[in-house]
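Student:
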Amino acid sequence: GAVVSQHPSRVICKSGTSVKIECRSLDFQATTMFWYRQFPKKSLMLMATSNEGSKATYEQGVEKDKFLINHASLTLSTLTVTSAHPEDSSFYICSARDNGGGGYNEQFFGPGTRLTVL
Amino acid sequence: DQQVKQNSPSLSVQEGRISILNCDYTNSMFDYFLWYKKYPAEGPTFLISISSIKDKNEDGRFTVFLNKSAKHLSLHIVPSQPGDSAVYFCAASSRYGAGSYQLTFGKGTKLSVIP
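And the structure:
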């Protein structure tokens with residue numbers, strides 16, 4: 001089946017530093033990847049849509065200069081949290097849409113990255 | 119405004135009985151619906167989906183029912199097993215317009231299956 005990996009699974013950093021999270025589709029190509037953020041006891045909130053070879057599309061209220069997204073290949077998208085602050089602490093999840101998949105819109109999710117900013 | 123609503127934050131069911139998780143939506147442009155299962159500190163796992171041209175889709179113990187006129191869908195799990203205990207998210211999407219293929223999620227329902 002379609003597998004999406006995320007790295008790292010957990011990261012603790014100091015306030016003011018930048019953190020990069022990688023999202024890879026392991027056995028399929030993904031023109032489109034999505035980045036979500038989940039707060040405790042809340043739903044998944046879409047942050048941005050990452051398109052291979054073009055600029056990401058950010059949801060309203062998400063700072064594009066703070067959450068840098070790069071989708072350099074059909075199997076890799078990265079999210080960089082710049083100048084991280086404690087309020088950025090959260091669970092970040094990526095998903096990828098299988099270009100050649102039979103399902104119309106099945107997104108396959110990575111295992112998530114727990115970011116803690118001290 | 120929440121476009122996908124899961125009004126029950128939690129549900130407890132005895133092992134072997136049926137679990138019914140409900141989901142309502144408000145956007146009539148949604149034409150594809152999905153259910154995901156999520157364990158703590160893990161990404162969601164796709165369970166089952168349904169297109170708006172159907173009213174039922176079945177996969178093993180999981181069946182999704184769609185009532186377009188009521189803008190309501192439900193996930194039935196029968197028989198329920200302790201391993202089904204997780205948070206279940208309902209999601210919807212539209213292939214048209216800006217943001218096509220994006221998923222809009224409900225807040226989730228935590229299912230506990232009691233042995």
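So the protein sequences, as listed, match chains A and B. The first sequence begins at 1 in the numbering used here and counts up one residue at a time. The second sequence begins at 119 in the numbering used here and counts up one residue at a time. All C-beta atoms in this analysis are idealised placements derived from N, C-alpha and C, irrespective of residue type, glycine included.
Using the Cβ count rule (16 or more neighbours within 10 Å means buried), how would you classify R97(A)?
Tutor: R97(A) is buried by the Cβ-count criterion.
Student: Rounded C-beta distance between T82(A) and K64(A)? I'm assuming under 8 Å.
Tutor: Not confirmed; about 10 Å, so no contact.
Student: So, for F151(B): in the same chain, excluding its five sequence neighbours on each side, which residues have a beta-carbon less than 6 Å away from its beta-carbon?
Tutor: Same-chain partners within the cutoff: I168, L191, A210.
Student: Give the single residue among R213(B), K189(B), S203(B) whose Cα lies nearest to the Cα of K156(B).
Tutor: Nearest of R213(B), K189(B), S203(B) to K156(B), Cα basis: S203(B).
Student: Does S167(B) get closer than 8 Å to chain A when you measure Cβ to Cβ?
Tutor: Closer than 8 Å to some Cβ of chain A, the Cβ of S167(B) qualifies, so yes.
Student: Would you call the segment 70-80 of chain A in contact with the segment 21-40 of chain A, where contact means no fewer than 3 C-beta pairs closer than 8 Å?
Tutor: The segment 70-80 of chain A, when compared against the segment 21-40 of chain A, does touch it at the 8 Å Cβ threshold.
Student: Could you have a look at D142(B) and say whether DSSP puts it in helix, strand or coil?
Tutor: Of the three classes helix, strand and coil, the one that applies to D142(B) here is strand, per DSSP.
Student: Express the C-alpha separation of F34(A) and C13(A) in angstroms, rounding to a whole number.
Tutor: Near 23 Å, if we compare the C-alpha coordinates of F34(A) and C13(A).
Student: Counting only runs of 3+ residues fully inside the segment 196-230 of chain B, write out the beta strand (DSSP E) ranges in chain order.
Tutor: Runs found: 204-211.
Student: Less than 8 Å separating the beta-carbons of K189(B) and F183(B)?
Tutor: No. Outside cutoff.
Student: Is the distance from the Cβ of Q121(B) to the Cβ of Y154(B) below 8 Å?
Tutor: No, they are not a contact pair.
Student: Taking C-beta to C-beta, are S126(B) and T227(B) nearer than 8 Å?
Tutor: For S126(B) and T227(B), yes; Cβs fall inside 8 Å.
Student: On a Cα-Cα basis, can you pick out the residue from Q6(A), C23(A), Y36(A), G16(A) that is closest to S122(A)?
Tutor: Because residue 122(A) is not part of the residues shown, which for chain A are 1 to 118, the question remains open.
Student: Starting from Q107(A), find everything on chain B with Cβ-Cβ shorter than 7 Å and list it in chain order.
Tutor: Ordered by position in chain B, the residues that pass the 7 Å Cβ test against Q107(A) are L221.
Student: Grab me the residues of S170(B)'s own chain with a C-beta within less than 8 Å of its C-beta, minus the 5 sequence neighbours each way, in chain order.
Tutor: Once the five neighbours on either side are set aside, the close Cβ partners of S170(B) are F148, D149, Y150, F151, L184, K186.
Student: Looking at chain B, is there any beta carbon in it that lies within less than 8 Å of the beta carbon of G112(A)?
Tutor: With 8 Å as the cut-off, G112(A) counts as an interface residue toward chain B.
Student: Buried or exposed for R213(B), going by 16 or more other Cβ atoms inside 10 Å?
Tutor: Per the 10 Å Cβ criterion, exposed.
Student: Per DSSP, what kind of secondary structure is D88(A) in: helix, strand or coil?
Tutor: Three-state result, D88(A): helix.
Student: Taking only beta-carbon atoms, is L152(B) less than 8 Å away from chain A?
Tutor: Cβ-Cβ to chain A under 8 Å: yes for L152(B).
Student: What number of angstroms, rounded off, separates the C-alpha of N70(A) from the C-alpha of R24(A)?
Tutor: Computed Cα separation, rounded: 12 Å.
Student: Beta carbons nearer than 8 Å to chain A: which residues of the segment 136-163 of chain B have them?
Tutor: Listed by position, the residues of the segment 136-163 of chain B near chain A (Cβ gap below 8 Å) are Y150, L152, Y154, A159, E160, G161, P162, T163.
Student: Quick one: grab the DSSP three-state call for L44(A).
Tutor: Of the three classes helix, strand and coil, the one that applies to L44(A) here is strand, per DSSP.
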